[in-house]
Amino acid sequence: MNSVKGPLNPAKQELQTSQPRLSQAATDELLISQGSHKSSLAKLQLDELLSEVRPDWAQRTALVQKTLVRLKEIIEGIPHHAAESPFEAEKRLKKAGVTIPFPFPRPAKDVKYKLEYFPPSDINVVGNLALRIGSKVNGANLIDLAITLPSQAFQEKDYLNHRYFHKRAYFVAQFAAAIKHVAKDQFEVAFTLQDDVELQTCIIITPGKSASEDFAQSKARIRIIPAVPDSTFSLDKTNISRNCVRPKGGDDPIFEPTPFYNSCLRCEASVTPYLGYLNKALKTCEALRDACLLGATWLHQRGYDSPVCCGGIGPHEWALVSALLLEGGGPKNRPMFSPRYNSYQLFKGVLQLLASRDLRDPLVIGPLSGEIPRSSSPILYDARRGVNVLFKMNPWSYSLIRHDAQATLEASNDKLIDNFESTFIARLDNPPLRFDQLAHVDLPLEGSLQDKRQALRKLHEVLVKGFNDRTRFVNLQYPAIKSWNLNRSLPTPSGIKVEIGLLLDPENVNRVVDRGPTAEDKEEAEEFRKFWGEKAELRRFRDGTISESLVWSETGHQSIVHQILAVLLSHHFGLPPSAISLVGDQVLRDVEIEPAQQSFQTIIDTFQTFSSKLHALEGLPLAIRSLSAVDEQLRFSSLLDPLKSSRPADIIIQFEGSSRWPDALTAIQRTKIAFLTKIGDLLESADEPLSTRVGLENTHSDLLNVAYLDVFSPNGVLFRLRIHHEREQTLLERQLQDKDIHGRTREEIAQALATYKRDYVHSPRHTQAIRALCTRFPALSSTIRLVKKWICSHLLSSFFTPELLELFAAQVFLRPQPWTIPTTPFTAFLRVLHLISKWDWASTPLILDFSNGDEMSPTDIANITTTFQARRKIDPAMNNIVLFVASNLDPSGIVWTQNSQPPKVVATRLTALARASISAIKDKNAPEFDIRSLFQSPLTHFDFLLHINPAILQQYLPSSSSNALLTKRSSKFKNLQLTHLTPPSHDPETIDFNPISLYINDLQKSFDPSVVLFFHNANGGNVIAGLWNPRTVGETTKEFRVRLGWSSIPIASDTDQGDDKDLVAVNKKAMVAEMVALGEGIVEKVTVLRE
1 MNSVKGPLNP
11 AKQELQTSQP
21 RLSQAATDEL
31 LISQGSHKSS
41 LAKLQLDELL
51 SEVRPDWAQR
61 TALVQKTLVR
71 LKEIIEGIPH
81 HAAESPFEAE
91 KRLKKAGVTI
101 PFPFPRPAKD
111 VKYKLEYFPP
121 SDINVVGNLA
131 LRIGSKVNGA
141 NLIDLAITLP
151 SQAFQEKDYL
161 NHRYFHKRAY
171 FVAQFAAAIK
181 HVAKDQFEVA
191 FTLQDDVELQ
201 TCIIITPGKS
211 ASEDFAQSKA
221 RIRIIPAVPD
231 STFSLDKTNI
241 SRNCVRPKGG
251 DDPIFEPTPF
261 YNSCLRCEAS
271 VTPYLGYLNK
281 ALKTCEALRD
291 ACLLGATWLH
301 QRGYDSPVCC
311 GGIGPHEWAL
321 VSALLLEGGG
331 PKNRPMFSPR
341 YNSYQLFKGV
351 LQLLASRDLR
361 DPLVIGPLSG
371 EIPRSSSPIL
381 YDARRGVNVL
391 FKMNPWSYSL
401 IRHDAQATLE
411 ASNDKLIDNF
421 ESTFIARLDN
431 PPLRFDQLAH
441 VDLPLEGSLQ
451 DKRQALRKLH
461 EVLVKGFNDR
471 TRFVNLQYPA
481 IKSWNLNRSL
491 PTPSGIKVEI
501 GLLLDPENVN
511 RVVDRGPTAE
521 DKEEAEEFRK
531 FWGEKAELRR
541 FRDGTISESL
551 VWSETGHQSI
561 VHQILAVLLS
571 HHFGLPPSAI
581 SLVGDQVLRD
591 VEIEPAQQSF
601 QTIIDTFQTF
611 SSKLHALEGL
621 PLAIRSLSAV
631 DEQLRFSSLL
641 DPLKSSRPAD
651 IIIQFEGSSR
661 WPDALTAIQR
671 TKIAFLTKIG
681 DLLESADEPL
691 STRVGLENTH
701 SDLLNVAYLD
711 VFSPNGVLFR
721 LRIHHEREQT
731 LLERQLQDKD
741 IHGRTREEIA
751 QALATYKRDY
761 VHSPRHTQAI
771 RALCTRFPAL
781 SSTIRLVKKW
791 ICSHLLSSFF
801 TPELLELFAA
811 QVFLRPQPWT
821 IPTTPFTAFL
831 RVLHLISKWD
841 WASTPLILDF
851 SNGDEMSPTD
861 IANITTTFQA
871 RRKIDPAMNN
881 IVLFVASNLD
891 PSGIVWTQNS
901 QPPKVVATRL
911 TALARASISA
921 IKDKNAPEFD
931 IRSLFQSPLT
941 HFDFLLHINP
951 AILQQYLPSS
961 SSNALLTKRS
971 SKFKNLQLTH
981 LTPPSHDPET
991 IDFNPISLYI
1001 NDLQKSFDPS
1011 VVLFFHNANG
1021 GNVIAGLWNP
1031 RTVGETTKEF
1041 RVRLGWSSIP
1051 IASDTDQGDD
1061 KDLVAVNKKA
1071 MVAEMVALGE
1081 GIVEKVTVLR
1091 E
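When we follow UniProt numbering, the leftmost residue of the sequence shown carries the number 1, and every step to the right adds one.
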């Protein structure tokens, strides 16, 4: 026992053992060699983690020692008080400013039993401090002081009908009154619920105005919890299979068991026995204490704790489960765990129990006469003490922790990626990241806290039954009951703010028709109609059967999930649809992105038809080998609706090999022009002619592709063909190997080779991979569009290639750990932001595995990591490669990020914006959170703004930009406004013509990035923001030299100092004037934000 007598030092409670065995270090070494740890690195990580989360128990004990002794003296000094009725006791204590916190139902005035105070039989420190099993992040500051109430205060049948809990509340009020009277200024005293259980009120003590320095410094909260000797009530009469709440004449066997009530009773009688039991287990198994620390950390990172509202499982429950499994739980009730297990094995063993064993079928530890039936809540039953150690877990919290345990085990078994951080370090309790759909409702309730618990269970049962196979599980989250003043009675809720978290099944969630029982099954049909109300209807199906059914709308403003939720809450709880708030529902509409799934399918179908036409052409000099899509419009990922965009979809055409191709790059480009012209002529003369046009590009270079063919389809789809000839790569590599070529020419060749590989090798692979993923994961397409919208909204679109953003979005589907694959675009989008916010791109590569079935080998991962490390050594300042994003399709990791795309300052801003967005989601009140705020970027961070002429925006604004922006800037004449909403006419002069984009390109060529960076929203932004480089522009003066790289102005030298150098300063005004002159007709005005 840890009785508070004199100095308090739980460390001295340790029991000595004479059983010889290996030391923990030797055992760990042996287990590493046997493969119990994934690697020795994992053990080092665990050791470091344990050292970080393990509290300094000696220091904490010293800080609260005197306070605990003082409370013990006060409680022991309370004199005996004669028996009195509950009404008389409450009246007396109210005069002392204390209201007895009777649980519901309160004792009636005519009850026959009396309340009599006897001094406690024992006072012990229990829980985390006594056992040293809590961590710094979970439970270290909460100290439990158990007051064992004497047996003579209770009668034999006080376990019935709340009589024990009424007497318990009386003792709690007596303790509170004494502490308030004796040490009013030393302590802040309040009532609270013990672990959010309405039957168990207790006292919470915090430092008061004149508290001791040590107690104030400890930041501890002392919880005074009553307990009773384990022999007070019969174990047989209070086990979870019996009924202890019954009306008069309660021996009728038809009464249902009261497992929650009974578990509360047995928990009261097991406080002191469990202290000794866990102390013994901690000595028997040397690694148990560290295993409990790992468990406490894992629970905390996922939001679990002992209170019912936090899942009902915390460090204490984890320790009890671990200790009981060292005693039994295995086959033939043998121990499931060996005392020789190390801490990680014990931790993983508990996870495996939670993940694989359905504890709704009771797991009994110890001898038990009879059987315990299956329950909706988990049961891990300690038969010797009659306690279900998981009695505070609800059906939804158990489903959630099973899911989390399964996800952790899957991640830990991944041989390629170290998932230590996702298991123990990352906070995973942010609901918008955790669930596919979040809903917030105010559930009306008039009654007691027990009624609240029953209402929540009913809500969960209704939602689980209503969503059926559309969800994997339904979670409920609600706020805990806060502590209250001593002069107030136990609070009664007037309503519950419930957060409903849904993990959806992607295969069934969007099903339009639900088929119920047939009309012949009258009982089931009647139950179906009773459950669904007016929504149920009889329908005849194609197979001839007439069945009850539910039909949901696909085209309305509400998703199917929202519709189902509205029907269930309206029919069963009387809530109007307006009372339901869904986070992220119809997120594309909220951020003004047009739905384009049908448009994507149309353009892909058109591409397939066009491909067939090309292959069927007769008269080509060479046969077509392949036709490859390389455009974001053809992989479901363009931000703009492809049918409303004037930008063509790029296609690569490759012919069969032939010796007739020329062997010079310039001649090859001319041959391409001839081929494209021939293709255009054949298409225009076909049975179903298509309009075509040959165009030129890159005319300044003989190394790059110079020609393309635009093809106009009748349905408005525009394709742009380029020819891929493999010989170009060989010729470029040959020139690059010529050691006589130096300087700028060599750089141009290297750049041309990189461009060739990007456009003709990697782009087709990337498009094929992303298109396949969008088909495999329906939410990926909208996720990519959200990410691109977010990037554009923060004026970063010119720094990131579309392919790079698509890789970011794909990663959360390819490697979703520690979560599961997201089902809704908004959840996936937030996880992309989370990925960006946590990615240390300076020291870690991002690796994607597109292989379907054959995973990348450890050698592949090691090779990519080696390549990344080599590039960082070559370019430690990250002047060329900042983000390294590799995959099995691109082991080099630089195809989409080379040439400082993005530069380091922009990558830093990207991380900062992602972190701010995730923080906003976490901190703000979710029901009132406006998703659109994530897509709004402050302009005050920039140095100057170039405002774009509204007339230019009106004429060339992307058609998929926000309708609000269009309406604001469009003509006042209705007929002219409509012209902006019609599909593009494909005027050859305006195809892919965007003067704002061309202007930004000119700015970037004219002004070196080391001087100024330009930011713009390519999706209809009305400003171009500029940011001066403080390292270049921030210097006051600099010595003049040729080719400074920026406009300068002379500065008079200090002749007194003998300085005759020609000094100059940056001429910002002149450079801004040059920018305006360069954009004449485009720039309307300039705003300088910072000089």
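Beta carbons: idealized from backbone N, C-alpha and C, even for Gly.
In this text, all values refer to a predicted model and were calculated from it rather than measured experimentally.
Item: Candidates 1027, 343, 342, 324, of which the one nearest residue 335 by Cα; Value: 324
Item: Nearest-angstrom Cα separation, counted from residue 119 out to residue 152; Value: 10 Å
Item: Outcome for residue 574 when other beta-carbon atoms lying within 10 angstroms are tallied against a minimum of 16; Value: exposed
Item: Alpha-carbon to alpha-carbon, residue 907 and residue 786; Value: 19 Å
Item: Enclosing beta strand (DSSP E) for residue 396 [first to last residue]; Value: Premise fails: residue 396 lies in the alpha helix (DSSP H), 395-412, not in any beta strand (DSSP E).
Item: Terminal residues of the alpha helix (DSSP H) in which residue 64 lies; Value: 57-76
Item: Residue from 170, 694, 567 with nearest C-alpha to residue 489; Value: 170
Item: Nearest to residue 890 (by Cα), restricted to the options 259, 860, 936; Value: 860
Item: Segment limits, beta strand (DSSP E) that includes residue 691; Value: 691-696
Item: Own chain residues within Cβ distance below 8 Å of residue 273, not counting five before or after; Value: 230, 385
Item: Member of 438, 448, 351 whose CA lies at the smallest distance from the CA of residue 411; Value: 351
Item: Closest Cα partner of residue 357 within the set 316, 403, 320; Value: 403
Item: Residue span of the beta strand (DSSP E) that contains residue 808, given as start and end; Value: Careful: residue 808 lies outside any beta strand (DSSP E), inside the alpha helix (DSSP H) at 802-814.
Item: Distance, residue 122 Cα to residue 156 Cα; Value: 21 Å
Item: Whole-Å CB distance - residue 1069 paired with residue 1033, under 8 Å assumed; Value: Not confirmed; about 12 Å, so no contact.
Item: Burial state of residue 745, where buried means 16 or more other Cβ atoms lie within 10 Å; Value: exposed
Item: Integer-rounded CB distance, given that residue 521 should sit under 8 Å from residue 558; Value: Not a contact, Cβ separation roughly 31 Å.
Item: Cβ neighbour criterion (16 or more within 10 Å) applied to residue 514; Value: buried
Item: Residue range of the beta strand (DSSP E) that includes residue 655; Value: 649-655
Item: Three-way DSSP call (helix, strand, coil) for residue 711 in this model; Value: strand
Item: Alpha-carbon to alpha-carbon, residue 346 and residue 293; Value: 11 Å
Item: Delimiting residues of the beta strand (DSSP E) encompassing residue 1116; Value: Because the chain here runs from 1 to 1091, residue 1116 falls outside it and cannot be looked at.
Item: Buried or exposed (CB count within 10 angstroms, at least 16 for buried), residue 419; Value: buried
Item: Touch test, the stretch 316-330 against the stretch 212-219, Cβ-Cβ under 8 Å, three pairs minimum; Value: no
Item: Terminal residues of the beta strand (DSSP E) in which residue 1026 lies; Value: 1023-1028
Item: Assigned exposure category for residue 910 - 16 Cβ within 10 Å defines buried; Value: buried
Item: Residue burial classification, residue 541 (beta-carbon count within 10 angstroms, cutoff 16); Value: exposed
Item: For residue 1088, the three-state DSSP class (helix, strand or coil); Value: strand
Item: Best match in 47, 421, 564, 125 for proximity to residue 838 [C-alpha to C-alpha]; Value: 421
Item: Residue interval of the beta strand (DSSP E) (run including residue 1012); Value: 1012-1016
Item: 8 Å contact criterion, which residue 176 and residue 98 should meet: CB distance rounded; Value: 5 Å
Item: Option nearest residue 74 by Cα separation, candidates 117, 159, 131, 179; Value: 179
Item: Rounded Cβ spacing between residue 729 and residue 756 (contact assumed at less than 8 Å); Value: 6 Å
Item: Any non-hydrogen atom of the ligand NAD within 8 Å of residue 483 CB; Value: Absent from the structure shown: the ligand NAD. Ligands present: none.
Item: Meets three-Cβ-pair contact criterion under 8 Å: the stretch 308-317 and the stretch 431-442; Value: no
Item: Outcome for residue 641 when other beta-carbon atoms lying within 10 angstroms are tallied against a minimum of 16; Value: buried
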